[in-house]
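Down below is the structure, laid out as structure tokens.
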Amino acid sequence: SRQSTLRTLYSKYQDRKPISVITAHDYISGKYANESEADAVIIGDSLSMINLGYQSTLEMSFEEFYYCCKAACRAIDRKFIIADLPFGTFETSAEECGRNAIKLMKLGKVQSIKLEGSYEITDQVKKLIDIGIPVTGHVGLQPQKFNALGGYRVQGKTATDAIEIFRQAKYLQSLGVSLLVLEAIPSEVAKIITEELNLPTIGIGAGKYTSGQVLVQGDVLGMLNNKPAKFVRQYKNFYQEGIDGINEYCRELNSDIYPEEGTHTYSMAQEEVKDLI
Ligand code: KIV
Ligand code: NA
């Protein structure tokens, strides 16, 4: 396989070079990710909102996620791929977790499975590692738990809460996770976690002191007109570009500019036209 591996990411980590990660949600975003300079791709369950238009990640079924994951994987042959396990596909037992993770691994492209949580998913993490699936942990803000959290809020703002996230991170490392996503926590907390652990941390809204960063591709490219979180930098405005492009097309139709005879049209030989009429 030409895909980069966990070793590729670890060598960047050892060289203290930032690991760049971007999400992919379907074939098109998979293509962009694959052709970019990003080191790795996360097929995140954020696709529930961005690709499928749901209000949260909770509503998406495993089948819907799997279908999108499969499409994204068809586009990616160069990058390390991490796939999420969606809400409701891993929590109730290690067996169910293992079965669903195996389905994603069987796509032949996914190299790590990401799970939100810590102590409560001990058996699940152990099961995946036993099977030989590298696990990516995810602590701090866990969007699948937004009901319990009372929304999508920064985590670890108080010393007590921060120490708890630090303990969860240490615990996941002790279980043997390979990578750890830190979401929406103060920079100071992410810095300490990154310094104290000996595995790469991938931050999203966790400041600049993590081993790498991940952003949702839809946010980076401005694919939708949603209000992005504070930590997002939107580099492009695909949403407006898209609408403008469609409008230009519509206006050219109305003003008889497109399609242009000859340039965009096929024609017949004159004698054939005669027989036609
Ligand atoms: O679903 C998602 O996009 C994520 C991010 C942290 C990458 O989990
Ligand atoms: Na996710």
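Going by full-length UniProt numbering, the first residue of the sequence shown is number 24, and it counts up by one from there.
In this text, a Cβ means the ideal position worked out from N, Cα and C, and glycines have one as well.
By Cβ distance, which residues of its chain are closer than 7 angstroms to residue i, with the 5 residues on each side in sequence left out?
{"i": "Gln196", "result": "Leu220 and Leu222"}
{"i": "Gly121", "result": "Lys150, Leu151 and Ile154"}
{"i": "Lys54", "result": "Ala98"}
{"i": "Val158", "result": "Ser135, Ile136, Leu138, Val148, Leu151, Ile152, Val200 and Ser201"}
{"i": "Lys93", "result": "Leu130"}
{"i": "Asn74", "result": "His48, Asp49 and Cys91"}
{"i": "Arg25", "result": "Asp100 and Arg101"}
Starting from residue i, follow its DSSP beta bridges and name the residues at the other end.
{"i": "His161", "result": "Glu139 and Val204"}
{"i": "Phe103", "result": "Ala63"}
{"i": "Ile227", "result": "Glu206"}
Can you look up residue i in the DSSP assignment and give me helix, strand or coil?
{"i": "Phe113", "result": "coil"}
{"i": "Val64", "result": "strand"}
{"i": "Ser34", "result": "helix"}
{"i": "Leu238", "result": "strand"}
{"i": "Val255", "result": "coil"}
{"i": "Val44", "result": "strand"}
{"i": "Asn249", "result": "coil"}
{"i": "Ser27", "result": "coil"}
{"i": "Ala292", "result": "coil"}
{"i": "Asp279", "result": "coil"}
Ordered along the chain, which non-local residues of its own chain (more than five positions away) have a Cβ less than 6 angstroms from that of residue i?
{"i": "Lys35", "result": "Ile42"}
{"i": "Ala185", "result": "Gly179 and Val212"}
{"i": "Glu139", "result": "His161, Gln165 and Gln167"}
{"i": "Gln191", "result": "Ser141 and Val162"}
{"i": "Ser71", "result": "Tyr77, Thr80 and Met83"}
{"i": "Ile144", "result": "Leu138"}
Enumerate in chain order the residues of its own chain whose CB-to-CB distance from residue i is below 8 angstroms, with the five nearest sequence positions on each side excluded.
{"i": "Ser27", "result": "Asp62, Ala63, Arg101, Lys102 and Phe103"}
{"i": "Ser59", "result": "Ile45"}
{"i": "Ala117", "result": "Asp146, Gln147, Lys149 and Lys150"}
Can you find a CB in chain C that lies within less than 9 angstroms of the CB of residue i?
{"i": "Val148", "result": "Protein chains in the displayed structure number just one, and chain C is not present."}
Using the beta carbon as the reference atom, which residues fall closer than 6 angstroms to any heavy atom of ligand 1, ordered along the chain? Thr46, Ile65, Gly67, Asp68, Ser69, Asp107, Val204, Glu206, Ile227, Val237 and Val239
Can at least three beta-carbon pairs, one atom from the region 100-107 and one from the region 274-289, be found at a separation below 8 angstroms? no
Would the region 166-176 and the region 232-245 be scored as touching if the rule is three or more Cβ pairs under 8 angstroms? no
Does the region 202-214 come close enough to the region 161-171 to have 3 or more Cβ pairs within less than 8 angstroms? yes
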